[in-house]
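S.K.: In terms of my numbering, the sequence shown is residues 5 to 496.
All C-beta atoms, glycine included, are put in the ideal place defined by N, C-alpha and C.
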Amino acid sequence: MDMFVVRGGQPLNGRVRVSGSKNAALPIMAASLMADGPVILHDVPRLVDVRTLAQLLGTLGVVSERQADDSLRLEVIDATPIVADYELVRQMRASICVLGPLLARRGKAIVSLPGGCNIGDRPIDLHLKGLSALGADIRIERGYVIATAKRLRGSRVFLGGSFGSTVTGTCNVLAAAALADGVTTIESAACEPEVADYGRLLNAMGARVEGLGTPFLRIEGVQSLSGAEHDVIPDRIEAATLLIAGAITRGEVVVENVCTAHLSAVLDKLNDVGIRIGISEDSAGSDRSTLHVLPTADLKPTECSALPYPGLPTDVQAQFMALLSRADGISVVTDKVFPDRFMHVAELVRLGATIHREGQSAIVNGVDRLHGACVMASDLRASAALVLAAMAADGESVIRRIYHLDRGYERLEERLNALGADIQRVEDSAENVPASLRLTQPAESAGLLTSTFNSAAIIKLENGRHVRVDRPESALPTIGGSGSSANHGVTR
Ligand code: UD1
Numbered sequence: 005m006d007m008f009v010v011r012g013g014q015p016l017n018g019r020v021r022v023s024g025s026k027n028a029a030l031p032i033m034a035a036s037l038m039a040d041g042p043v044i045l046h047d048v049p050r051l052v053d054v055r056t057l058a059q060l061l062g063t064l065g066v067v068s069e070r071q072a073d074d075s076l077r078l079e080v081i082d083a084t085p086i087v088a089d090y091e092l093v094r095q096m097r098a099s100i101c102v103l104g105p106l107l108a109r110r111g112k113a114i115v116s117l118p119g120g121c122n123i124g125d126r127p128i129d130l131h132l133k134g135l136s137a138l139g140a141d142i143r144i145e146r147g148y149v150i151a152t153a154k155r156l157r158g159s160r161v162f163l164g165g166s167f168g169s170t171v172t173g174t175c176n177v178l179a180a181a182a183l184a185d186g187v188t189t190i191e192s193a194a195c196e197p198e199v200a201d202y203g204r205l206l207n208a209m210g211a212r213v214e215g216l217g218t219p220f221l222r223i224e225g226v227q228s229l230s231g232a233e234h235d236v237i238p239d240r241i242e243a244a245t246l247l248i249a250g251a252i253t254r255g256e257v258v259v260e261n262v263c264t265a266h267l268s269a270v271l272d273k274l275n276d277v278g279i280r281i282g283i284s285e286d287s288a289g290s291d292r293s294t295l296h297v298l299p300t301a302d303l304k305p306t307e308c309s310a311l312p313y314p315g316l317p318t319d320v321q322a323q324f325m326a327l328l329s330r331a332d333g334i335s336v337v338t339d340k341v342f343p344d345r346f347m348h349v350a351e352l353v354r355l356g357a358t359i360h361r362e363g364q365s366a367i368v369n370g371v372d373r374l375h376g377a378c379v380m381a382s383d384l385r386a387s388a389a390l391v392l393a394a395m396a397a398d399g400e401s402v403i404r405r406i407y408h409l410d411r412g413y414e415r416l417e418e419r420l421n422a423l424g425a426d427i428q429r430v431e432d433s434a435e436n437v438p439a440s441l442r443l444t445q446p447a448e449s450a451g452l453l454t455s456t457f458n459s460a461a462i463i464k465l466e467n468g469r470h471v472r473v474d475r476p477e478s479a480l481p482t483i484g485g486s487g488s489s490a491n492h493g494v495t496r
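(1) Closer than 8 Å to a non-hydrogen atom of ligand 2 - does that hold for the CB of A288?
(2) Taking C-alpha atoms, which residue in E414, S387, S440, I403 lies nearest to N122?
(3) Taking 9 Å as the threshold (C-beta atoms), are A58 and S68 in contact?
(4) Is the beta carbon of I223 closer than 9 Å to that of R327?
(5) Given that a residue counts as buried once 16 or more other Cβ atoms are within 10 Å of its Cβ, and exposed if not, what is V320?
(6) Using the rule of at least 16 other Cβ atoms within 10 Å of the residue's Cβ for burial, across every protein chain shown, is A72 buried or exposed?
(7) Are there 16 or more other CB atoms within 10 angstroms of the CB of I190, so buried, or fewer, so exposed?
(8) At what residue ranges does the stretch 117 to 159 contain a whole run of the beta strand (DSSP E), taking only runs of 3 or more?
(9) Quick check: the Cα distance between Y202 and V102, rounded to an integer number of angstroms?
(10) Could you tell me the distance, in whole angstroms, from the CA atom of T253 to the CA atom of D235?
(11) Once the 5 residues before and after A200 are set aside, which same chain residues still bring their CB inside 7 Å of it?
(12) Restricting to Cα atoms, I'd like to know which of Y148, K340, V93, A153 is closest to A363.
(13) On a CA-only basis, which of S401, K304, R280, L205 is nearest A182? Give me that one, please.
(14) Quick one: grab the DSSP three-state call for L229.
(15) According to DSSP, simplified to helix, strand and coil, what is P238?
(16) Taking the straight line between their C-alpha atoms, what separation do you get for R155 and V258?
(17) Within the same chain, show all residues whose beta-carbon is closer than 6 Å to that of A137, passing over the 5 residues directly before and after it, in chain order.
(18) Taking 8 Å as the cut-off, does the stretch 425 to 436 touch the stretch 27 to 39 (at least 3 CB pairs, one atom from each stretch)?
(19) Could you tell me if D286 is buried or exposed, where buried requires 16 or more neighbouring beta carbons within 10 angstroms of its beta carbon?
(20) Do K154 and ligand 1 come close, with the Cβ less than 8 Å from some heavy atom?
(21) For ligand 1, I want to know if A194 counts as a neighbour, meaning its beta carbon is within less than 8 Å of at least one of the ligand's heavy atoms.
(22) Within the present structure, is the beta-carbon of F167 separated from the nearest heavy atom of ligand 1 by less than 8 Å?
(23) Is A128 a contact residue of ligand 1, with contact defined as CB to any heavy atom under 8 Å?
(24) Just tell me which of L298, D40, M395 has its CA closest to the CA of A108.
(25) May I have the straight-line CA-CA distance separating V10 from M395, to the nearest angstrom?
(26) Name the two residues that bound the continuous alpha helix (DSSP H) containing S268.
(27) Taking S25 as the reference, which of C175, R19, I237, D129 has the closest Cα?
(28) Report yes or no: do the stretch 47 to 64 and the stretch 86 to 98 share at least 3 C-beta pairs separated by less than 8 Å?
(29) Ligand 1 and E198: does any heavy atom of the ligand fall closer than 8 Å to the residue's C-beta?
(30) Would L45 pass as a contact of S23 if the rule is Cβ separation under 9 Å?
(31) Nearest to G424 by alpha carbon, out of G250, R404, S440, H348?
(32) Using the C-alpha atoms, what's the distance from N421 back to I427?
(33) Could you give the distance in angstroms between the alpha-carbon of P105 and the alpha-carbon of A29?
(34) Suppose only complete runs of 4+ residues qualify. What are the alpha helix (DSSP H) ranges in the stretch 86 to 119, listed by chain order?
(35) Taking only the alpha-carbon atoms, compute the straight-line gap between Y407 and Y413 and give it to the nearest angstrom.
(36) Let me know the secondary structure DSSP gives F342 once reduced to three states.
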């Protein structure tokens, strides 16, 4: 297993290109199960998740072949397999995207339930509700969804749930509706750009989907779908992560291949925080732009809520929290899509942030400086947040379990290093932990612990607002009888 050793403190500087979208590419790859001919996808990122899905599709009779550029060619050579095995599905939740295509094209699908994960429960009841509405017979046995339908029939489907609609669920129902008899309408469909991209691929294959990008979709079923060629949209989550990388290090970064239309909520929030970003369209009428993050000394606190699109994406909530941990004041970060997605809080605190959780929100009390520490990634976007915070921190950090990061970011450390970061990928072992992070008793630990406690100012709720109260010096812990009076002053 690998880990990162990050030497923080340098502002990033330079140009970086955003890759194709992981969350668009995965369901789109699964849609190739329905095509009577090759599907050629351009700008497919080279990620562990993409390889995992290609492997799963391989067990379902699809041959995938990488081409010289970032293209991927997928072709069905055996249309009989119908079982998506637990061993592969458990590695990646997006594997559930094979359910709709298998059912629609092969009449039966046996797909392992993906299970929960570190960001929440993640049920698939809405996927199953939608497929049932189209006439599928569905039962759960021994941890597998078994779905059968001799012929799917168009129907009216409502896909709203307690936390909004469902992204991959909308893709599954779209796939089934594309090959159903008659017309399907989906109400409260997910409006995420990745769902619209999925619909565009289906239309390129001969489907008839209208209303893409809106919560109301109309699908006229067709008899068969052909092969197609498709350009995957740029990854809006990676774009946001790179913009925040520039901002959090007070650097100057030019981010290329961005669909600004997909990033309105992110850009609006960065503007609230005081980040200045120049935008230039790549060519007249193009949907791609180049964004220029200018150095910003003072970050302002804000309140932000992760919401379904077009709101702020839950997939950038952790990265925003890292950024706000350096803002001058108190911010509130809420997640209304995955209300338990806060595993990164404790790790950001290890890096010197002052954050505490209250229900589905985290209260972030900005600090002047973050400091290096050993931390552990809990999921894909949490690991990105830790990389951002570690790059902004003084000194060295170790980030463990970076396999989460590799699932969703292509060569992130190489690309950040090209911008001036100092991130080394090394084997996860005690010897590779830098000496600065291997504390010995008692002198060094006393000093470090004192400054950490100093950063933990008390936050109180007064008249409905969160206010910071500096911890009185007398309340600071004394360790080994020294260091308590040396206030290293990391609070503001
Ligand atoms: C997709 C993204 C993921 C992103 C998420 C929300 C992919 C491969 N992954 O995941 O990166 O964080 O959208 O934008 O595209 N829910 C139900 N019942 C269901 C399905 C979902 O209650 O049947 C709930 C979920 O628990 C969650 C919310 O709805 O609270 C949104 O989930 P969903 O849009 O389905 O997420 P995914 O498609 O799994």
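M.R.: Based on what the coordinates show:
(1) Questions concerning ligand 2 fall outside what the structure shown contains, since the ligands it does hold are ligand 1.
(2) Of all alpha-carbon atoms in E414, S387, S440, I403, the one lying nearest the alpha-carbon of N122 is that of S387.
(3) In this structure, S68 lies near A58, with their beta-carbon atoms less than 9 Å apart.
(4) The question names Arg, yet the displayed sequence has Leu at residue 327. No. Outside cutoff.
(5) V320 is buried by the Cβ-count criterion.
(6) A72 comes out exposed.
(7) By the neighbour-count rule (16 or more Cβ atoms within 10 Å), I190 is buried.
(8) For the stretch 117 to 159, whole beta strand (DSSP E) runs of length 3 or above, ordered along the chain, are 141 to 145, 148 to 152.
(9) Their backbone Cα atoms lie some 13 Å apart in a straight line.
(10) Answer to the nearest angstrom: the Cα atoms are 32 Å apart.
(11) Cβ neighbours of A200 beyond the five flanking positions: L216, G217.
(12) The question names Ala, yet the displayed sequence has Gly at residue 363. Here the closest residue by C-alpha is K340.
(13) Ranking S401, K304, R280, L205 by Cα distance to A182 puts L205 first.
(14) In this structure, DSSP gives L229 an extended state, which the three-state scheme calls strand.
(15) Here P238 sits in strand by DSSP.
(16) Using only the alpha carbons, I get a separation of about 51 Å.
(17) Excluding sequence neighbours, A137 sits near S159, V161.
(18) No contact exists between the stretch 27 to 39 and the stretch 425 to 436.
(19) By the beta-carbon neighbour count (other beta carbons within 10 angstroms, threshold 16), D286 is exposed.
(20) The answer is no for K154.
(21) Checking the Cβ of A194 against ligand 1 gives yes.
(22) For F167, the shortest C-beta to heavy atom distance toward ligand 1 is below 8 Å.
(23) According to the sequence shown, residue 128 is Ile rather than Ala. Yes, Cβ of I128 sits closer than 8 Å to a heavy atom of ligand 1.
(24) Answer by Cα proximity: D40.
(25) Computed Cα separation, rounded: 7 Å.
(26) Per DSSP, S268 belongs to the alpha helix (DSSP H) from 268 to 277.
(27) Cα-wise, what sits closest to S25 is I237.
(28) They touch, by the three-pair rule.
(29) Within the cutoff, so yes.
(30) Cβ atoms of L45 and S23: not closer than 9 Å.
(31) For the residues G250, R404, S440, H348, the minimum Cα distance to G424 belongs to G250.
(32) The alpha-carbon atoms of I427 and N421 are separated by roughly 6 Å.
(33) Just so you know, the alpha carbons of P105 and A29 end up roughly 15 Å apart.
(34) For secondary structure counted as the alpha helix (DSSP H) over 4 or more consecutive residues, the stretch 86 to 119 holds these complete runs in sequence order: 90 to 93, 103 to 110.
(35) If you draw a straight line from the Cα of Y407 to the Cα of Y413, it comes to about 10 Å.
(36) In the displayed model, F342 falls within coil according to three-state DSSP, outside both helix and strand.
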